[in-house]
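Numbering (the working numbering), first residue to last: 3 to 136.
For reference, the structure is listed below as structure tokens.
Below you can see the structure in the form of structure tokens.
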């Protein structure tokens, strides 16, 4: 069974350091997801981009809330690698997905900063993967 995947690249009008601080704060992850979804997280795991984050193990369990309040999924967040200030490599599982692999990379070219998200996932109920393309 083939997985679902997509890649999106955005030009962000800030520097790499500021962008890294932004994308590794769970409150900002939630700001990006809303109004469609929100993830719960423990207070001591509100920042996921530093070198002290344990790799290759579940960092925390997150309840994914549709529209911010309807329980929709249980996400077991796990990071495989962190290139501090440049990229993180998520390799999680969820109640709805056999795997959820998210690579988020920051690059700079010609004085501009770009954020690229590459997502690969395999839903446990295969047709459910098409909803992410709507």
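Glycine residues also receive a C-beta, built at the ideal position from the N, C-alpha and C atoms.
Use the C-beta contact count for residue 100: other C-beta atoms within 10 angstroms, 16 or more gives buried, fewer gives exposed. exposed
Endpoints, beta strand (DSSP E) assigned at residue 52: It is not in any beta strand (DSSP E) - residue 52 carries neither H nor E in the DSSP assignment.
Are residue 81 and residue 92 closer than 7 Å when you measure CB to CB? yes
Cβ of residue 124 within 7 Å of Cβ of residue 104? no
Residues that residue 41 bridges to, as DSSP identifies them: 66
Is there contact between the region 36-54 and the region 3-12, where contact requires at least three CB pairs shorter than 8 Å? no
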